[in-house]
Amino acid sequence: MRRVAILVVLLLAVAAPAAADTEPSRLLVTATSDHCAGGLPVVDYTVTNLWPTAVSAQIWWVADASVYGVVGRQSLDPAPDSATGSFSLPYDFYATVTVYATATWPDGKVITNASWAIPVTDCTAPTTVPEPTTTSPTTTAPPTTTIDDGGGNGNGNGNGYGYGRTTTTIETG
């Protein structure tokens with residue numbers, strides 16, 4: 029029951045009407061999930077302070093719009109300071125996850141910003157390992173030359189005197 033109450037409070041903080049806000053965003057949250065650790069999806073996130081005041085933000089997540097968890101806190105200096113982190117989801121079957129950052133600012137405002145719902149890496153998909161390729165050494169033997177003089181003396185025309193060939197005369201001068 030306590031978890032449900034916490035989830036309701038967190039969702040109400042996110043569900044505050046955005047139309048009433050006329051000031052620029054104070055936090056920026058981005059997230060990706062593109063690898064696994066120990067068979068579980070890993071989510072990498074970045075929280076950026078866009079406001080000129082230092083703040084501490086609580087980082088939390090909601091997966092498949094029903095399961096949530098608190099990651100921890102990130103202390104941010106005045107803009108444009110950012111902090112990165114990562115966490116593993118507790119199970120490998122989630123399809124999407126949204127990362128949230130909630131901060132209470134010195135002026136008393138409580139602001140929650142979120143990443144888009146991002147797809148979660150499928151850690152159950154079989155990984156294909158390429159087959160090892162082997163190459164056999166190539167050996168090249170020198171060409172074998174067979175001379176058949178056809179009964180002659182090996183000059184190619186059978187008689188060795190150059191019959192059948194045109195005569196070339198070179199004069200010096």
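The sequence shown maps to residues 29 to 201 in the working numbering.
Note that CB positions come from ideal geometry on N, CA and C, so glycine has one too.
- Here P69 has S61, L117, V148, T149, C151 as same chain residues with Cβ atoms under 6 angstroms from its own Cβ, once five neighbours each way along the sequence are excluded.
- Inter-segment contact for the stretch 135-142 and the stretch 94-114 is absent: fewer than three beta-carbon pairs are separated by less than 8 angstroms.
- If you keep only unbroken beta strand (DSSP E) runs of at least 3 residues inside the stretch 86-134, you get 95-104, 110-116, 124-132.
- Rounded to whole angstroms, S114 and D72 show a C-alpha spacing of 4 angstroms.
- For C64, the uninterrupted beta strand (DSSP E) run begins and ends at 55-65, by DSSP.
- The C-alpha of V127 lies about 7 angstroms from the C-alpha of V90.
- In this structure, S53 places its C-beta atom within 8 angstroms of the C-beta atom of L78.
- DSSP, read as helix, strand or coil, puts L68 in strand.
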